[in-house]
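Engineer: From first to last, the protein sequence lines stand for chains A and B. This note's numbering puts the first residue of the first sequence at 1, with every later residue one more than the last. This note's numbering puts the first residue of the second sequence at 1001, with every later residue one more than the last. Here a beta-carbon is modelled for each residue, glycine too, at the ideal position from N, C-alpha and C. Quick one: the structure is below, questions incoming.
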Amino acid sequence: MTPQEVHAKLSEKFGAAIGEWQEPAAGDSSVSVNAEKLADVCRFLRDEPGFKFDYLRLVSGVDRNDCILSVYHLYSYTHNHELVLRVDLDRAAPRVHSVTHLWPSADWHEREAYDMLGIVYEGHPDLHRILLPEDWDGYPLRKDYVPPKEYHGISNE
Amino acid sequence: MTSEPNPLPPTPAEKLLADAVREPRDLTRYLHYLKAAHAERLPLAVVPLDAALNWSRANAIWPLTFGLACCAIEMMAVGASKYDLDRFGSGAFRPTPRQADLMIVAGTVTHKMAPRVLKLYEQMPDPKFVMAMGACTIGGGPYCKYGYHVVKGIDRFLPVDVCVPGCPPRPEALIDALLFLQQKIATTGRTLAGRYLGVKS
């Protein structure tokens, strides 16, 4: 099933929670989902016999300056098709529901997106930094990030 | 240089000692020196013992088993059969810092890792030596400008004895650094013989 076909079926089921279909300028096409409906949409994609997205490849984040995206790459071993989901989040307080209860592989991926971009995944079992030290200041992959001048007495200049 | 210049020209025994500490791996030079010193009836109590200690120290540098990034792959190659670090008495990579003399910092050190590296260094018994292997440990390497998380040179928190440039350095470069360190152990700072005769590597 192509992403466009998946998009049509999702729009039929969830209506306004699914964004308009857009042809990508480059790379994979993605389906935009309303943040509040994400968990419902994901459960539907995983369990519906026609979709069976049984494998979450990747959760990542993107800073677009005006918003922050949380991106989900799904794959189905049953049907050999794939889909990219995208959630637009408020840059001041990016929050979205976790999908760890649907795909356990989301655990560390969501922690990484939290570590690098500060996206808070509600309902995550153990959300804290995964790469940087716990007392690190700021989120390094944000476009306006300023590196620290020193860390624990070691100069970073 | 010596702090008190020797007014007399060096005797044959002193020349032989200078020769011996320049090549710390060759004990026969010390034996020649001992023979000449015996013939000259020199007071031998301190200097040859010190030199012999340094000779043994320089020829059994035990590194800590410890790698942080891609440089460690080259370090492992040096330890394996083709380059064979055991030829220089340094093949015994120790699994505990309590038994190690040499810390080869092989790979990128991040701010998160730096306190752990320092702790390992502090657990090593004296005399101990540090080798900064590769561009990252010398000055941050490719992460120098935009790597917010990388320590830009391990000399910011460790005393470094030898730097090995490269990204990563060839195995030959690491061997060269080890030989340089052997010379350094035998000739500078920690040896009375080196100070007495003003010999530098």
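Kindly list, in the order they appear in chain B, the residues whose Cβ is closer than 7 Å to that of Leu-141(A).
Structural biologist: Counting from 1 along the first sequence, the entry for residue 141(A) is found at position 141. Residues of chain B passing the Cβ test: none, with the nearest at roughly 10 Å.
Engineer: Going by DSSP, which residues form a beta bridge with Ile-18(A)?
Structural biologist: The residue given as residue 18(A) occupies position 18 in the first sequence. According to DSSP, Ile-18(A) bridges with Val-33(A).
Engineer: Could you compute how far the alpha carbon of His-1111(B) sits from the alpha carbon of Lys-13(A)?
Structural biologist: On the second sequence, position 111 is the one that residue 1111(B) refers to. On the first sequence, position 13 is the one that residue 13(A) refers to. Rounded to the nearest angstrom, the two C-alpha atoms are 49 Å apart.
Engineer: Does DSSP put Leu-1179(B) in a helix, in a strand, or in coil?
Structural biologist: Taking the first residue of the second sequence as 1, we reach residue 1179(B) at position 179. Three-state DSSP puts Leu-1179(B) in a helix.
Engineer: Just tell me which of Leu-1118(B), Pro-1009(B), Gly-1140(B) has its CA closest to the CA of Pro-1159(B).
Structural biologist: By one-based count along the second sequence, residue 1159(B) stands at place 159. With distances taken between Cα atoms, Pro-1159(B) lies closest to Leu-1118(B).
Engineer: DSSP puts Cys-1163(B) in a beta bridge; with which residues?
Structural biologist: The residue given as residue 1163(B) occupies position 163 in the second sequence. According to DSSP, Cys-1163(B) bridges with Ala-1132(B).
Engineer: Distance, Cα to Cα, Leu-102(A) vs Arg-46(A)?
Structural biologist: Stepping through the first sequence from its first residue, residue 102(A) is reached at position 102. Stepping through the first sequence from its first residue, residue 46(A) is reached at position 46. For Leu-102(A) and Arg-46(A), the distance between alpha carbons rounds to 8 Å.
Engineer: Roughly how many angstroms separate the alpha carbons of Pro-1169(B) and Gly-153(A), rounded to a whole number?
Structural biologist: The count along the second sequence starts at 1 and reaches residue 1169(B) at position 169. The count along the first sequence starts at 1 and reaches residue 153(A) at position 153. Roughly 29 Å separates the two Cα atoms.
Engineer: Under 6 Å from any heavy atom of the ligand ADP, does the C-beta of Gly-19(A) make it?
Structural biologist: Ligands are entirely absent from the displayed structure, and the ligand ADP is therefore not among its contents.
Engineer: Run down chain B in chain order and give the residues with a C-beta less than 9 Å from the C-beta of Tyr-75(A).
Structural biologist: Stepping through the first sequence from its first residue, residue 75(A) is reached at position 75. Per Cβ cutoff of 9 Å: no residues; Tyr-75(A) is ~31 Å from chain B at best.
Engineer: Identify, in the order they occur along the chain, each residue of the same chain with its Cβ nearer than 7 Å to the Cβ of Ala-1020(B), setting aside the five sequence neighbours on each side.
Structural biologist: Taking the first residue of the second sequence as position 1, residue 1020(B) is located at position 20. If we look at Ala-1020(B) and ignore the five residues flanking it on each side, its Cβ neighbours are Arg-1029, Tyr-1030, Tyr-1033, Ala-1051.
Engineer: If you run the structure through DSSP and keep just helix, strand and coil, what is Ala-1103(B)?
Structural biologist: In the second sequence, counting from the first residue as 1, residue 1103(B) sits at position 103. Checking the displayed sequence, the identity of residue 1103(B) turns out to be Met instead of Ala. Of the three classes helix, strand and coil, the one that applies to Met-1103(B) here is strand, per DSSP.
Engineer: Note down, in chain order, every chain B residue with its Cβ under 7 Å from the Cβ of Tyr-151(A).
Structural biologist: What you label residue 151(A) is simply residue 151 of the first sequence in a count that begins at 1. Neighbours of Tyr-151(A) on chain B, chain order: His-1111.
Engineer: Reducing DSSP to helix, strand and coil, say where Tyr-168(A) ends up.
Structural biologist: Residue 168(A) is absent from the structure shown; chain A starts at 1 and stops at 157.
Engineer: Using a Cβ cut-off of 7 Å, pull out every chain B residue sitting near Leu-85(A), in sequence order please.
Structural biologist: Numbered from its first residue, the first sequence carries residue 85(A) at position 85. Within 7 Å Cβ-Cβ: nothing; Leu-85(A) doesn't reach chain B, min ~29 Å.
Engineer: Starting from Ala-1114(B), find everything on chain A with Cβ-Cβ shorter than 7 Å and list it in chain order.
Structural biologist: Taking the second sequence and counting its residues from 1, one reaches residue 1114(B) at position 114. Result: Ile-154.
Engineer: For a test of the three-state rule: what should DSSP assign to Asp-1086(B), helix, strand or coil?
Structural biologist: Numbered from its first residue, the second sequence carries residue 1086(B) at position 86. In the structure shown, Asp-1086(B) sits in a helix (DSSP, three-state: H, G or I).
Engineer: Just the Cα atoms here: how many angstroms apart are Phe-51(A) and Ile-130(A)?
Structural biologist: Start at 1 with the first residue of the first sequence, and residue 51(A) comes out as number 51. Start at 1 with the first residue of the first sequence, and residue 130(A) comes out as number 130. In a straight line, the C-alpha of Phe-51(A) is about 32 Å away from that of Ile-130(A).
Engineer: For the putative contact between His-97(A) and Leu-38(A), defined by C-beta atoms under 8 Å, what is the C-beta separation to the nearest angstrom?
Structural biologist: Along the first sequence, read from residue 1 onward, the residue named residue 97(A) stands at position 97. Along the first sequence, read from residue 1 onward, the residue named residue 38(A) stands at position 38. Rounded, the Cβ-Cβ distance is 6 Å, consistent with contact.
Engineer: So which residues on chain A does Val-1151(B) lean against when the C-beta distance must stay under 7 Å?
Structural biologist: Start at 1 with the first residue of the second sequence, and residue 1151(B) comes out as number 151. By Cβ distance, chain A contributes Ile-154.
Engineer: Check the Cβ of Arg-1094(B) against every Cβ in chain A and list those closer than 7 Å, keeping chain order.
Structural biologist: Residue 1094(B) sits at position 94 when you count from the first residue of the second sequence. The premise fails here: Arg-1094(B) is roughly 27 Å from chain A at the closest Cβ pair, so nothing lies under 7 Å.
Engineer: Kindly indicate the opening and closing residues of the alpha helix (DSSP H) around Asp-47(A).
Structural biologist: Position 47 of the first sequence, counting from 1, holds the residue named residue 47(A). First-last of the alpha helix (DSSP H) with Asp-47(A): 38-47.
Engineer: Quick one, which of Pro-1125(B), Lys-1128(B), Arg-1156(B), Asp-1126(B) has its alpha-carbon nearest Gly-1139(B)'s?
Structural biologist: As a first step, residue 1139(B) is located in the second sequence; it is residue number 139 there, counting from the start. Closest by alpha carbon: Arg-1156(B).
Engineer: Is Arg-142(A) near Asp-63(A), with beta carbons less than 7 Å apart?
Structural biologist: If you number the first sequence from 1, residue 142(A) lands on position 142. If you number the first sequence from 1, residue 63(A) lands on position 63. Taking 7 Å as the Cβ cut-off, Arg-142(A) and Asp-63(A) qualify as a contacting pair.
Engineer: When the Cα of Met-1113(B) is compared with those of Gly-118(A), Val-87(A), Ala-25(A), Pro-133(A), which residue comes out closest?
Structural biologist: Mapped onto the second sequence, residue 1113(B) falls at position 113. Closest by alpha carbon: Pro-133(A).
Engineer: Quick one: is Phe-1180(B) near chain A, going by C-beta distance under 7 Å?
Structural biologist: Here residue 1180(B) refers to the residue found at position 180 of the second sequence. Not closer than 7 Å to any Cβ of chain A, the Cβ of Phe-1180(B) fails to qualify, so no.
Engineer: Using a Cβ-Cβ cut-off of less than 7 Å, give me the residues of the region 128-140 of chain A that come near chain B, in sequence order.
Structural biologist: The region 128-140 of chain A vs chain B, Cβ under 7 Å: Leu-132, Pro-133, Pro-140.
Engineer: Should the region 1118-1132 of chain B be called in touch with the region 1059-1078 of chain B, which here means at least 3 C-beta pairs below 8 Å?
Structural biologist: Touching, per the Cβ criterion.
Engineer: In chain order, what residues of the same chain lie with their CB nearer than 6 Å to the CB of Leu-85(A), ignoring the 5 residues before and after it?
Structural biologist: If you number the first sequence from 1, residue 85(A) lands on position 85. Result list for Leu-85(A): Val-31, Val-33, Tyr-72, in chain order.
Engineer: On the three-state DSSP scale, how would you describe Ala-1045(B)?
Structural biologist: Stepping through the second sequence from its first residue, residue 1045(B) is reached at position 45. Bear in mind that the predicted position of Ala-1045(B) carries a pLDDT of just 43, short of 50, making it unreliable; the figure below should be weighed with that in mind. Coil, per DSSP.
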